[in-house]
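Taken in sequence, the protein lines are chains W and Y. The opening position of the first sequence corresponds to residue 2 in my numbering, with each subsequent residue numbered one higher. The opening position of the second sequence corresponds to residue 120 in my numbering, with each subsequent residue numbered one higher. Everything on this sheet refers to the single structure shown next.
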Amino acid sequence: MLTCRELVQSRASDYLDSQLNWRARAGVRFHLLICHHCRRFMQQLALVRGLLADWPEPAPGETELSSLAERLYREHRHRAGHPPE
Amino acid sequence: MTHPKPADETELLVRLRAGESAAFEELVRQYHGAMKRAAAALIGEAQAEEAAQEAWLSAIRNLPKFEGRSTLKTWLFSILLNEARGRLRKAKREVRLEDSGSGEEGLLDPDRFAGDGHWAQEPLLWHDQSPEALLSHEDFLRCLEMVLDSLPENQRSVLTLREYQGLEVEQICNILSISASNIRVLLHRARTRVYAMVDRFEETGTC
């Protein structure tokens, strides 16, 4: 039977990402049914998985966006052989 | 394998190639925030802005060559990743993407488990029960940046592309040219390192 160590060290991420085959998945599910500690670990790992997704993006300022867009537009025109406006 | 692209992306590409200035504005508004955050995760805040700008210029130069085999987002992030790898190489941090780490590196401390494979001690109960709760602590944001910075580059790239950019394992395989099984190992090790940091933060308030 799957031990806590095996679940934590080698199955946990694959379980969260649905990357296990049905047999391995059933083994993890059964273990989680009977093991309170691993249930807690899984909930915490799922939280960790959500951290980067929820990390707020920096909101670039209007000036930054406009000047970058302008720079890219000029670069494109230059590459396409158009004279600068 | 190709991925379905939203219709407005195809239209945006046509307008970009035609040199319509408003299209460049749209492109930047849609992706620049995400590019900067990804750059920060890959190489640190200090170089993020410059790396993102360089990646943008490179993308525009290569726009005629973009064949639409991936989504625009995947393509942009593959360019950003190349830019980040170049900078890391210059900083003498060698890139070995096939090396997924060896032995116990990136796994949870073996002392957490007893000889029979069960937990030696109950895992700590965390006060913060959601990503939002954790991210609301200013100290925690610094800890998150530090732990990302401390990851081996291969783990950091996979973690960023998967968790932050939300790319599928298959898309990451294409960008990094490494196998799905290697990506799964790298991802688990990176998550485990972040987990250990969060656990320490919950216990001590520091990292």
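In this text, a Cβ means the ideal position worked out from N, Cα and C, and glycines have one as well.
Chain Y contact residues for residue i, given Cβ-Cβ distances below 9 Å
i: Ala92 (chain W); result: Since the first and last residues shown for chain W are 2 and 86, residue 92 (chain W) lies out of range.
i: Leu34 (chain W); result: Within chain Y, no residue comes near Leu34 (chain W); the closest Cβ sits about 15 Å away, beyond 9 Å.
i: Val87 (chain W); result: In this structure chain W extends from 2 to 86, so residue 87 (chain W) is not present and cannot be described.
Close Cβ partners of residue i (< 7 Å) along its chain, the five nearest in sequence each way excluded
i: Ala315 (chain Y); result: Leu227
i: Ala158 (chain Y); result: Ala167, Ala170, Ala171, Leu199, Ala203
i: Arg50 (chain W); result: Leu17
i: Asp218 (chain Y); result: Interpretation of Asp218 (chain Y) is limited by its pLDDT of 45, a score under 50 that renders its predicted location unreliable; the figure taken from the coordinates is listed afterwards. If we look at Asp218 (chain Y) and ignore the five residues flanking it on each side, its Cβ neighbours are Asn273.
i: Glu145 (chain Y); result: Leu131
i: Glu264 (chain Y); result: Glu164
i: Cys36 (chain W); result: Cys5
i: Leu8 (chain W); result: Val29, His32, Cys39
Neighbourhood of residue i by C-beta, 8 Å cutoff - its chain only, sequence neighbours within 5 removed
i: Thr325 (chain Y); result: Asp258, Cys262, Arg319
i: His122 (chain Y); result: At His122 (chain Y) the pLDDT is 49, less than 50, meaning the model places this residue with poor confidence; the figure from the coordinates comes in the next sentence. Within the same chain, His122 (chain Y) has close Cβ partners Ser189, Thr190, Thr193, Gln290.
i: Ala137 (chain Y); result: none
i: Trp245 (chain Y); result: Val317, Asp318, Glu321
i: Arg40 (chain W); result: Leu33
i: Arg206 (chain Y); result: Ile162, Gln166, Ala170
i: Val214 (chain Y); result: No answer about Val214 (chain Y) holds up, because its pLDDT of 44 lies below 50 and its placement is not dependable.
i: Asp15 (chain W); result: Leu21, Ala25
Partner residues on chain Y for residue i, Cβ-Cβ distance less than 7 Å
i: Glu42 (chain W); result: Reading off the sequence shown, one finds Phe at residue 42 (chain W), where the question assumed Glu. Going along chain Y in sequence order, the residues near Phe42 (chain W) (Cβ under 7 Å) are Pro242.
i: His38 (chain W); result: Trp238, Glu241, Pro242
i: Ser19 (chain W); result: Result: empty, since nearest Cβ-Cβ is about 10 Å, beyond 7 Å.
Identified DSSP bridge partners for residue i
i: Phe232 (chain Y); result: Y:Trp238
6 Å Cβ shell around residue i - same chain, five flanking residues per side excluded
i: Gln89 (chain Y); result: Only positions 120 to 326 of chain Y appear in the structure, and residue 89 (chain Y) is not among them; the question remains open.
i: Ala233 (chain Y); result: Ala239
i: Asp268 (chain Y); result: Gly163
Under 8 Å by beta carbon: chain W residues contacting residue i
i: Leu195 (chain Y); result: The premise fails here: Leu195 (chain Y) is roughly 12 Å from chain W at the closest Cβ pair, so nothing lies under 8 Å.
i: Glu322 (chain Y); result: Chain W residues near Glu322 (chain Y): none, gap ~12 Å exceeds 8 Å.
i: Glu226 (chain Y); result: Going by the sequence as given, residue 226 (chain Y) is Leu instead of Glu. Under the 8 Å cutoff, chain W gives Gln10.
Under 7 Å by beta carbon: chain W residues contacting residue i
i: His83 (chain Y); result: Nothing about residue 83 (chain Y) can be reported from this structure: the residues present for chain Y run from 120 to 326 only.
i: Glu282 (chain Y); result: Arg50, Leu53, Ala54
i: Gly285 (chain Y); result: Ala54
Chain-ordered neighbours of residue i on chain W, where CB pairs are closer than 9 Å
i: Val317 (chain Y); result: Gln45, Leu48, Val49, Leu52
i: Leu278 (chain Y); result: Leu53
- Near-chain W residues of the stretch 173 to 184 of chain Y - C-beta to any C-beta below 9 Å: Trp175, Leu176, Ala178, Ile179, Arg180, Leu182, Pro183
- Report the residues of the stretch 126 to 156 of chain Y with a CB closer than 8 Å to any CB of chain W, ordered along the chain. Leu135, Gly138, Ser140, Phe143, Glu144, Leu146, Val147, Arg148, His151, Gly152, Ala153, Lys155, Arg156
- Return the residues of the stretch 296 to 311 of chain Y that lie within a Cβ-Cβ distance of less than 7 Å from chain W, sorted by chain order. Arg303, Leu306, His307, Arg310
- Message: Along the stretch 69 to 82 of chain W, where does the CB come closer than 7 Å to a CB of chain Y? Name the residues.
- Response: Leu69, Ala70, Leu73, Tyr74, Glu76, His77, Arg78, Arg80, Ala81
- Item | Residues from the stretch 248 to 259 of chain Y in contact with chain W, defined by Cβ distance under 8 Å | Gln248, Ser249, Pro250, Glu251, Leu253, Leu254
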